[in-house]
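Going down the list, the sequences are from chains B and L. According to this note's numbering, the stretch in the first sequence is residues 1 to 112, in order. According to this note's numbering, the stretch in the second sequence is residues 1001 to 1114, in order.
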Amino acid sequence: DAKTTQPNSMESNEEEPVHLPCNHSTISGTDYIHWYRQLPSQGPEYVIHGLTSNVNNRMASLAIAEDRKSSTLILHRATLRDAAVYYCILRVQGGGADGLTFGKGTHLIIQP
Amino acid sequence: DAGVIQSPRHEVTEMGQEVTLRCKPISGHNSLFWYRQTMMRGLELLIYFNNNVPIDDSGMPEDRFSAKMPNASFSTLKIQPSEPRDSAVYFCASSLGGQIGELFFGEGSRLTVL
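Here you go:
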């Protein structure tokens, strides 16, 4: 499986934008980029996914580099409730029935 | 709508005892996953089922662990006999599969083996 690299932790201030980077230099043409997050004492939850184009949803935006070797999850206005571990995961196209492999993720700390 | 339901939420047991963790997936989902999370190893995929059939159990640590899915609305993860190193949070997740297969996780079962 293609691997992803994320910073261990990041810190940001409340109500400011947060950019969470992810490197995936060995990504293949059929890999989707998925983001999940895990709030304290909860199971992971889906955030967003993309293939080539930038994506927006109610939770976040996903910016994908033109060569697809990196991506950035953008939280436009972080709140204290966004403090969580964020996981960037590659998933082969059509692999929706297969398990996800989680790395260590980025621990996002939000300062009030 | 109810999400993925796991029970028990917390279990404390003694080494050597049998532990059974239960999971009810979201109705209509045809894929079910069992994960284990520890500080040291993070989130590990133990086993997953498609249409009640085990597809990949390569993550199951050893023969003491077994998982079943007798029908589309119920799965169990059993540890027999349990050991202190099995202490972890066990998560169940389900998905519709398909192209993207967003996973929906339960709240987890925290297991402590003394």
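Backbone N, C-alpha and C fix where the C-beta goes; we use that ideal spot for every residue, glycine too.
Sequence-distant Cβ neighbours of residue 18/B in its own chain, meaning closer than 6 Å and more than five residues away, are 12, 75, 78. Below the 7 Å Cβ cutoff, chain L contributes 1100 as neighbours of residue 49/B, in chain order. For residue 29/B and residue 1053/L, the gap between their C-alpha atoms comes out near 29 Å.
Secondary structure at residue 1096/L: coil, using DSSP grouped into helix, strand and coil. Scanning 38/B, 73/B, 5/B for the CA closest to the CA of residue 1104/L turns up 38/B. Residue 1042/L has its alpha-carbon roughly 21 Å from the corresponding atom of residue 1022/L.
When rounded, the separation of the alpha-carbon atoms in residue 1106/L and residue 1095/L is 12 Å.
When the Cα atoms are used, residue 1007/L and residue 1081/L turn out to be separated by approximately 19 Å. In this structure, DSSP gives residue 1056/L an extended state, which the three-state scheme calls strand.
Scanning its chain for C-beta atoms nearer than 8 Å, with the 5 sequence neighbours on each side dropped, one finds around residue 50/B the residues 32, 33, 62, 64, 71, in chain order. If the five residues before and after residue 15/B are omitted, its C-beta is found closer than 8 Å to the C-beta atoms of 77, 78, 79, all from its own chain and listed in chain order. In the DSSP assignment, residue 111/B falls within the unbroken beta strand (DSSP E) covering 106-111.
Distances from the alpha-carbon of residue 1013/L to those of 1046/L, 1067/L, 1079/L, 1040/L put 1079/L closest.
Counting of Cβ neighbours within 10 angstroms places residue 67/B among the exposed residues, the total staying below 16. When 9 Å is used as the limit between beta carbons, residue 78/B is near no residue of chain L, the shortest such separation being about 22 Å.
Residue 3/B is bridged by DSSP to nothing; it lacks a bridge partner. With a 10 Å radius around the Cβ and a threshold of 16 neighbouring Cβ atoms, residue 4/B comes out buried. Counting only the Cα atoms, residue 1112/L lies some 34 Å from residue 1100/L.
For residue 103/B, DSSP assigns no beta-bridge partner whatsoever. Close to residue 101/B, with beta-carbon spacing below 7 Å, are these residues of chain L in chain order: 1045.
Put simply, the CB of residue 1103/L is near chain B, with a gap under 8 Å to one of its CB atoms. Identification of chain B residues near residue 1086/L by a Cβ-Cβ cut-off of 8 Å yields none; the smallest Cβ-Cβ distance measures about 19 Å. The beta strand (DSSP E) runs lying completely inside the region 1029-1094 of chain L and spanning 3 residues or more are 1031-1038, 1042-1050, 1053-1056, 1065-1071, 1074-1079, given in chain order.
Around residue 1057/L, no beta-carbon contact reaches into chain B at under 9 Å, the shortest distance being about 11 Å.
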